[in-house]
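Residue numbers (full-length UniProt numbering): 1 to 210.
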Amino acid sequence: MGPKKSPSRKSKSKEPTPDPPSGLGDVDNTNNKGGGDDGKDEDAGGKVSSPKGGKKTVEMIQNEIAMLEKQAYDTKSKLLNESQFSELLGLQSEDEPEFIDEIIEMYTADARSMLDELKTLYSAKDKEIDFDVIRGTLHKLKGSSSTFGADGVTEMCDQLRELCIEKNVKDAREGPNSLVELEKRVEILAEFLTKYMEKLKELAAAKNQS
């Protein structure tokens, strides 16, 4: 009988994620597989965790973080701008350990609020849609996303703004550059940020215990 797998992991579990917009891969490509004859489990991207349910090492967690960063900074996904996001992370200090969490929470909350506003504006009858207000809201979302380094969201705001200028309601409501796709990008980014910050905290805890 082979070694038992760690009871804290499920070999093939995979949490559902929203469908990514065209050209944007899933934030988490994890496909956990059952351990082989040596009792090890494969982690994200094929990285192997400690055998027989042992705790992850600092190096293992650092590898997982590196994989997440590689996905986020990919020029095709445009999830995050590496330079800007790294600068943001550099603002974290021991005096304010929750600073980055608060910045992320503020950005995602504001982005979702503006998306709700846009959905309300576009739900009006075609002839009653206030395009000036829509452009103003898109401008605010683009500004906050650009400051944060969310290149994909920033780019989508520009595309949706062009549809607004053209008063192209149909494509703005549904299509490759629509409000639906903008919302998907925001949610994929929010999911990544949650996962990424959890990994950073896991790394800090592992370093303290080593």
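We put the beta carbon where it would ideally sit given N, CA and C, even for glycine.
Contacting residues, own chain, Cβ-Cβ under 8 Å from residue i (five flanking each side not counted)
i, result
"V180", "R173 and E174"
"Q92", "F99 and I100"
"V58", "L203, A206, K207 and S210"
Residue interval of the alpha helix (DSSP H) (run including residue i)
i, result
"Y122", "F99 to Y122"
"Q62", "V58 to A72"
"G90", "Note, G90: premise wrong, no alpha helix (DSSP H); not H, not E."
"D171", "V169 to R173"
"D151", "D151 to I165"
"E187", "L179 to Q209"
"L138", "F131 to F148"
Other residues of its chain near residue i: CB distance less than 6 Å, five sequence neighbours each side excluded
i, result
"D104", "As written in the sequence, residue 104 is Ile, which differs from the Asp given in the question. Only L193 meet the Cβ criterion."
"I134", "L121 and C164"
"Y196", "L68"
Nonlocal neighbours in the same chain, by C-beta distance under 7 Å from residue i, ignoring five residues either side
i, result
"A150", "L80 and L189"
"L163", "D171, A172 and N177"
"L89", "I100"
"M114", "T137, K140 and L141"
"S83", "none"
"Q62", "L203"
Residue from the options with nearest C-alpha to residue i
i, options, result
"G143", "F131, D132 and M156", "M156"
"E64", "L200, N208 and S210", "L200"
"S146", "A66, L203, V169 and F85", "F85"
"V153", "E198, E96, E102 and E183", "E183"
"D126", "S77, E82 and N168", "N168"
"V186", "Q62, M67 and D110", "D110"
"residue 211", "E166, P97, Q159 and E94", "Limits of the chain in this structure are 1 at one end and 210 at the other, which puts residue 211 out of reach."
"L160", "E198, K70, L118 and A124", "L118"
"M106", "M60, D158, F148 and E198", "F148"
Environment of residue i [buried if 16+ CB atoms lie within 10 Å]
i, result
"A204", "exposed"
"Q209", "exposed"
"T108", "buried"
"A72", "buried"
"L24", "Residue confidence for L24 is low, a pLDDT of 42 falling below 50, so the modelled location carries little weight and cannot support an answer."
"residue 221", "Past the boundaries of the shown model lies residue 221; the chain is included only from 1 to 210, so the question cannot be answered."
"A66", "exposed"
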